[in-house]
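Asks:
Residue numbers (my numbering): 28 to 187.
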């Protein structure tokens with residue numbers, strides 16, 4: 028295993044914190060450059076984009092009113108998950124403070140529009156990267172997608 032991958036792997040285990048595994052219909056694999064991901068049939072992936080120095084992939088289930096955004100990026104200095112969580116919390120308008128749990132920062136609550144929102148942020152100082160997974164809308168529709176992120180097939184979102 029390439030040393031960088033070994034260093035990043037623990038960062039991305041945070042995906043298991045979001046939701047319990049659930050069964051879903053067959054998924055199709057899509058390649059997003061940074062990683063390959065199984066997309067359940069009722070989800071649509073937008074074209075990945077860059078916002079400043081952050082790579083963003085947005086996935087939507089329009090029928091269920093649920094969205095998951097995966098953000099991978101660097102900060103000006105060593106990435107600080109608390110700072111990233113604070114910025115995302117402020118941007119979404121969730122009033123509840125972020126809290127630290129097992130080296131990760133989490134927040135959950137209603138966003139500025141009253142939509143259920145949850146986020147997990149972690150950083151790997153050695154790799155110089157942070158990862159955030161932000162879910163908006165219903166949690167149940169997102170379970171199959173998030174289960175795919177943390178499955179044995181994709182235990183980590185490893186850059187290639």
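C-beta atoms are modelled at their ideal positions from N, C-alpha and C, and glycine is treated no differently. As the structure is a computational prediction, the values presented were derived from the model and not from experiment.
With a cut-off of 8 Å on the beta carbons, I'd call residue 130 and residue 101 a contact; round off their distance for me.
Replies: Walking along the chain shown from the start, residue 130 turns up at place 103. Walking along the chain shown from the start, residue 101 turns up at place 74. Between residue 101 and residue 130 the Cβ distance is about 18 Å, and since that is not below 8 Å, they are no contact.
Asks: Mind checking which residues open and close the beta strand (DSSP E) that includes residue 131?
Replies: Counting from 1 along the chain shown, the entry for residue 131 is found at position 104. Note, residue 131: beta strand (DSSP E), 131–137.
Asks: Counting pairs of beta carbons, one from the segment 119–135 and one from the segment 70–89, are three or more of them closer than 8 Å?
Replies: Touching, no, given that fewer than three Cβ pairs across the two stretches are closer than 8 Å.
Asks: What did DSSP end up calling residue 154 once you bin it into helix, strand or coil?
Replies: Counted from its first residue, the chain shown places residue 154 at position 127. Coil.
Asks: Any C-beta of chain D sitting closer than 8 Å to the C-beta of residue 174?
Replies: Looking at the structure shown, chain D is missing, and only one protein chain is on hand.
Asks: Taking the CB atoms as reference points, tell me whether residue 147 and residue 160 lie closer together than 8 Å.
Replies: Mapped onto the chain shown, residue 147 falls at position 120. Mapped onto the chain shown, residue 160 falls at position 133. Result yes, Cβ atoms of residue 147 and residue 160 sit closer than 8 Å.
Asks: Leaving out five residues before and five after residue 108 in sequence, what residues of the same chain have Cβ atoms less than 7 Å from its Cβ?
Replies: Residue mapping note: residue 108 aligns to position 81 of the chain shown, counting from 1. The residues are 131, 132, 148, 149, 150, 157.
Asks: Rounded to the nearest angstrom, how far is the Cβ of residue 169 from that of residue 95, given a contact under 8 Å?
Replies: For this step, residue 169 is matched to residue 142 along the chain shown. For this step, residue 95 is matched to residue 68 along the chain shown. Confirmed, Cβ separation roughly 5 Å.
Asks: Would you mind sorting residue 116 into buried or exposed? The rule is 16 or more other CB atoms within 10 Å of its CB.
Replies: As a working mapping, residue 116 is identified with position 89 in the chain shown. It is buried - the Cβ of residue 116 has at least 16 other Cβ atoms within 10 Å.
Asks: Whole-angstrom Cβ separation of residue 97 and residue 84, contact assumed at under 8 Å?
Replies: Residue 97 sits at position 70 when you count from the first residue of the chain shown. Residue 84 sits at position 57 when you count from the first residue of the chain shown. Right, their Cβ atoms sit about 5 Å apart.
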